[in-house]
Each structure stands twice: as C-alpha cells, then as structure tokens.
Amino acid sequence: MNSAYVFSWCIVGLAAMASATSEGEAEPTCFSRFDYDYKMLQKLVSLEQTIQNLKDSLAESKNKIEDMSREYELTTKNLQDLLSQTKENIESGSVYIRWGRNECQDNAEIVYKGFTAGKKWNDGGSGGDTICLPEDPSWLNYSTINSPRGTVYGTEINIEEPSGVFEKKVLDQNLPCVACHVKKSSVIMIPGRGHCYTNWNLEYNGYLMADKHSHPTPHNHVCVDHHPDFMQGGGKNNDDHILYLTISKCGSLPCPPYANDRELACVVCSK
Ligand SMILES: [Ca+2]
Ligand SMILES: [Ca+2]
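Residue 88 is where the sequence shown starts when you use the working numbering, and the numbers rise one by one after that.
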C-alpha cells in the first residue's frame, strides 16, 4: 500500500468524523492503514460512550421529571383537600336536635345535652312545639308574681308494650335530647322514610312521634331515635308532655305507597 493511498483514507475518514470532534480537540494524524483503523475504532468507542452517557443523562432527567410530576400532583391534591376542608369549616354547618338521645354521632359536635319538653297533653294553651331544654339552664330575671304564664313539662313516651316497634320497653320513659352541630350546609328531617336519599348522609333515624290524635290540643311532630336513651329515674308515669307513635291513614294519602295503620319512620340526613 503506497503512502498516497493511506493518506487519502485518512483525509476521507477523518473528514467524516470532523463534525463529532469538539472544538479545540486535536485532529488525529494518520501514519498507516492500521493507524487509521485504530484511530477510527477509538473514535467510534468514544462516540458510543458519548451516546451512552447521553442516554443515561436522558433517563436520569426523565426520572427527575416524573418525580417532580408526582410531587406536583400530591401537592396539588393536598392543597385542594386543605381548601375544601377550610371552605367546609368556614362556610358550612348545621344544627339539628336528636330527639331521644344524649349523644351525637361521631361526625357531629355536641352543642348541648338536654331534656325533651313541651306543653301538658291536655293544656289548651302554652307552646305547641316540642323543645330541647338544656341540662344546665341559666337564668335572667325571674319572679314569684302570680300572673298568667305558659307552662313546660318534661316529655315521656306512651306506648303500650310490647310496642313491636322499639327494641326495648319505652312506656313512660322520660326522653333526653341533644343538639348536634354537623359540618354540612344542609340538614333535613324526612317523615315517612327510615333511610336517606342518594348523596345524603345519615345522621340518625327513628320514628315519627306527636300527640295522641284524640287529645284536645296538638303539638308538633318530632323524629325520635330508633334506639332511645332514657333519663335516669324517668320511668314513672307522669303523663305531662307525651309522645305517641304516628300511623299513616289511607284515603287522601295514597296506599300504596303508604299503608293503613302503619307506624311512620323518619330520618335526619345531611349534605
Ligand atoms: Ca315518666
Ligand atoms: Ca305515661
């Protein structure tokens, strides 16, 4: 092989790799075909290593981007949860009376515990509603002057036993009550259902109760918990403010879906 041939190989080969040579790097010098092959091989190995380094760097960058993406998604979700919770705490909240119980559910805060009370069953006047009087009353002015007043009595249940409705004897038992605060914007008591509708949360359920139909003056309906607590020592028959189960009557009320003489359920739901 003459020297002119080798030189031409060096010119052609090294010119092809010129673009892969970094600025300032010394150009290779060829002295033989072997020398040329050797330098080409070195260059290829160097290029292969460079490519591998680029691949490794790319893979590392990809992993970092994926980690950052996951971290961003997690941070975004945490912020959204915090915002939602803060909004819920600030903007929403409802209070309801849980009749017949002295504890709220876990999701609700006790505002106060009390005694269920109302007018005497045969009084023509006084308030017609059922109220939850706190266990710890506080007073403003009061007097002993004899002037006309309304009256309020404690409440007991009158149901012949066995009731076939409550799971324990309830006759003549005095009923507690509790005011519950729940972090929901809406609360509804639904008469005639023992279960909430879709997307509503159950607060409690029970039975719709009011005064006896033949009593001279009425009071309002309340939803008494299906598993009531009783006030200590309240089993005596006082017959003051009295709650009775209510039953549906067919006629103007369509049956079905209602049924004649069936005790109505009730439920308190929140959303
Ligand atoms: Ca009683
Ligand atoms: Ca009684």
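Backbone N, C-alpha and C fix where the C-beta goes; we use that ideal spot for every residue, glycine too.
Host beta strand (DSSP E) of residue i (start-end)
{"i": "Ser44", "result": "Absent from the structure is residue 44, since the part of the chain shown begins at 88 and ends at 358."}
{"i": "Ser357", "result": "Ala352 to Ser357"}
{"i": "Met318", "result": "Premise fails: Met318 is in no beta strand (DSSP E) and is neither H nor E."}
{"i": "Pro278", "result": "Val274 to Pro278"}
{"i": "Ile244", "result": "Tyr240 to Ile244"}
{"i": "Val269", "result": "Pro263 to Val269"}
{"i": "Pro235", "result": "Per DSSP, Pro235 belongs to no beta strand (DSSP E) and is neither H nor E."}
Member of the options whose CA lies at the smallest distance from the CA of residue i
{"i": "Asp259", "options": "Gly320, Thr163 and Arg120", "result": "Gly320"}
{"i": "Pro343", "options": "Lys151, Gly279, Glu147 and Glu153", "result": "Gly279"}
{"i": "Asp316", "options": "Tyr284, Thr203, Arg157 and Pro221", "result": "Thr203"}
{"i": "Ser250", "options": "Asp216, Thr242, Pro305 and His313", "result": "His313"}
{"i": "Ser225", "options": "Gly215, Leu351 and Tyr199", "result": "Tyr199"}
{"i": "Asp223", "options": "Ser213, Gly201 and Glu350", "result": "Gly201"}
Cβ-Cβ separation, residue j to residue i (assumed contact under 8 Å), whole Å
{"i": "Ile334", "j": "Trp208", "result": "Not quite, the Cβ-Cβ distance comes to about 18 Å (not below 8 Å), so this is no contact."}
{"i": "Cys356", "j": "Leu262", "result": "21 Å between Cβ atoms; not a contact."}
{"i": "Gly205", "j": "Val239", "result": "7 Å"}
{"i": "Asn292", "j": "Ala352", "result": "7 Å"}
{"i": "Asp211", "j": "Pro305", "result": "Strictly speaking, residue 211 in this sequence is Gly, with Asp absent from that position. Going by Cβ atoms, the distance from Gly211 to Pro305 rounds to 11 Å, so no, they are not a contact pair."}
{"i": "Asn307", "j": "Asp216", "result": "5 Å"}
Helix, strand or coil at residue i [DSSP, three-state]
{"i": "Glu290", "result": "strand"}
{"i": "Leu387", "result": "No information on residue 387 is available, as it lies outside the stretch 88 to 358 that the chain covers here."}
{"i": "Tyr345", "result": "coil"}
{"i": "Val132", "result": "helix"}
{"i": "Thr203", "result": "strand"}
{"i": "Ser230", "result": "coil"}
{"i": "Gly338", "result": "coil"}
{"i": "Asp360", "result": "Since the displayed the chain opens at 88 and closes at 358, residue 360 lies outside it and no answer follows."}
{"i": "Leu258", "result": "coil"}
Proximity below 7 Å, CB of residue i to CB of residue j
{"i": "Arg184", "j": "Cys191", "result": "In the sequence as displayed, the identity of residue 184 is Ile instead of Arg. Contact: no."}
{"i": "Met296", "j": "Leu332", "result": "yes"}
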